[in-house]
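Residue 285, in numbering that gives the first Met the number 0, is where the sequence shown stops; the numbers in between run on with no holes. Glycine included, each C-beta is placed from N, C-alpha and C at the ideal position. A short worksheet on the structure shown next.
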Amino acid sequence: MTKFVVVPQWQGSGSSRAMQLIDGAEAIRGDLPMAATTLVHVPTEAGEALDTDIRRASSLVTTAELQRQALVGIDEPVITIGGDCGVELASVGEALRRDPGIAVVWFDAHGDLNTPLSSPSGSFSGMVARALTGEGAAMLLPEAPLDPARLVLVGVRDLDDGELAHIEERGIPMVSSVMTSAAEVIAAVEATGADRVYLHVDVDVLDPAVIAGVSSAVPFGLELGTLLDCITALRARFGFAGAGVTGFSPGSPDAAADDLGTILRIIGAISREPKPDSTNPTGVTP
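Here you go:
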């Protein structure tokens with residue numbers, strides 16, 4: 000059975016709707032199998048920067064440690080439900096600790112590639128992908144960093160100038176949201192040489208016409224069918240190292256129901272065991 004760890008963290012977000020990430024995580028948790036789901040009790044306080052230039056760093060450090068404790072003894076890949084994207088520090092970090100050679104496919108409207116010094120907001124959710132590659136405040140870095148060449152950005156379309164320069168400098172692969180196809184994503188991951196993948200899905204990767212419950216909507220996102228095709232193809236082609244679904248920030252607890260069907264379809268595609276097809280091993284429609 001698929002294991003889920005729910006982390007309703009909001010402290011990594013810089014949005015005015017940050018607290019509504021709690022509502023989003025709780026709404027999703029209500030539809031997960033109780034016996035297979037662990038809830039991480041995120042600190043209630045905002046937290047202090049701790050001289051890091053990262054807002055609420057103390058709470059982020061505490062939550063990351065609580066996540067790591069929740070993952071102890073779970074041998075199979077886990078699907079983490081956020082909360083903000085900062086929850087991926089512990090989840091991807093654990094996957095990297097087990098297998099430093101994985102690729103991380105980052106389905107997100109944003110690159111999350113700032114550092115504490117370059118970030119315009121000081122919010123960790125905009126730094127977490129960079130932190131996973133070993134750059135940032137020492138207290139918020141993984142034990143085993145990710146090779147930037149094995150971070151595959153998909154659907155990213157809102158980048159700061161510093162992030163763009165970093166992508167070019169480090170050769171981070173990107174697949175545009177305008178022309179995304181499962182075949183393109185498969186090819187980008189194959190080029191990394193990895194044979195296992197971690198899938199990060201911030202729901203704002205979807206076009207705003209598809210989902211309303213996001214804190215920072217960006218036009219020209221993926222259609223739901225495209226995202227599901229990409230996930231299905233990745234699961235069929237590569238070993239599965241885990242996944243995270245983040246960024247669900249409904250306008251109100253009642254409004255969460257409007258987008259929940261979409262999010263559950265994403266979770267279903269991630270958790271579904273691929274069916275071998277000897278005539279089409281990549282899972283990509285010709």
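Can you find the residues in the same chain that come closer than 7 Å, C-beta to C-beta, to residue i, ignoring five residues on each side of it along the sequence?
i	result
Thr-1	Ala-35, Ile-78 and Ser-270
Ser-58	Gln-10, Pro-42, Glu-44, Ala-45 and Gly-46
Thr-261	Val-209, Ile-210 and Leu-223
Asp-52	Pro-115, Leu-116 and Gly-121
If you drop the 5 nearest sequence neighbours on each side, which residues of the same chain put their C-beta closer than 8 Å to that of residue i?
i	result
Ala-240	Pro-76, Ala-94, Arg-97, Asp-98, Ile-101, Arg-195, Val-196 and Tyr-197
Glu-142	Gly-92, Leu-95 and Arg-96
Leu-158	His-109, Gly-110, Leu-112 and Ile-166
Pro-207	Val-213, Ala-216, Val-217, Pro-218 and Gly-220
Do you know whose CA, among the options, lies nearest residue i's CA?
i	options	result
Val-202	Phe-3, Ser-90, Ala-108 and Leu-88	Ala-108
Ala-181	Leu-20, Leu-221 and Asp-206	Leu-221
Ser-176	Ala-63, Val-153, Phe-3 and Gly-13	Val-153
Pro-212	Ser-90, Gly-23, Ser-14 and Ser-122	In the sequence as presented, Pro is not what sits at residue 212; that position holds Gly. Out of Ser-90, Gly-23, Ser-14 and Ser-122, Gly-23 has the C-alpha closest to the C-alpha of Gly-212.
Arg-54	Ala-17, Thr-225 and Val-4	Ala-17
Met-173	Gly-161, Ala-187 and Asp-160	Ala-187
Leu-140	Ile-210, Gly-72 and Pro-115	Pro-115
Asp-253	Val-155, Cys-84, Ala-26 and Asp-74	Ala-26
Arg-169	Pro-119, Gly-246 and Val-151	Val-151
Ile-266	Pro-273, Asp-257 and Ala-242	Ala-242
Asp-83	Ala-130, Gln-19 and Asp-146	Gln-19
Please state the DSSP three-state secondary structure of residue i.
i	result
Met-33	helix
Asp-22	helix
Ala-268	helix
Ile-262	helix
Val-71	coil
Val-174	strand
Leu-49	coil
Gln-10	coil
Ala-211	coil
Thr-245	strand
Val-60	helix
Val-204	helix
Ala-17	coil
By the DSSP assignment, the alpha helix (DSSP H) with residue i in it spans what residues?
i	result
Leu-227	223-236
Thr-1	No alpha helix (DSSP H) holds Thr-1; DSSP gives it neither H nor E.
So residue i is in the beta strand (DSSP E); what residue range does that whole segment cover?
i	result
Val-196	195-201
Thr-191	It is not in any beta strand (DSSP E) - Thr-191 instead sits in the alpha helix (DSSP H) that spans 181-191.
Thr-79	77-81
Can you list, in chain order, the residues of its chain whose CB lies under 6 Å from that of residue i, leaving out five sequence neighbours each side?
i	result
Val-39	Val-6, Leu-65, Gln-66 and Ala-69
Ser-214	Ser-14, Arg-16 and Ser-248
Cys-229	Ala-181 and Val-184
Are any of the Cβ atoms in chain B nearer than 8 Å to that of residue i?
i	result
Ala-56	You won't find chain B in this structure, because it holds only one protein chain.
Length at least 3, wholly inside the segment 84-170: the beta strand (DSSP E) runs in chain order | 102-106 and 150-153
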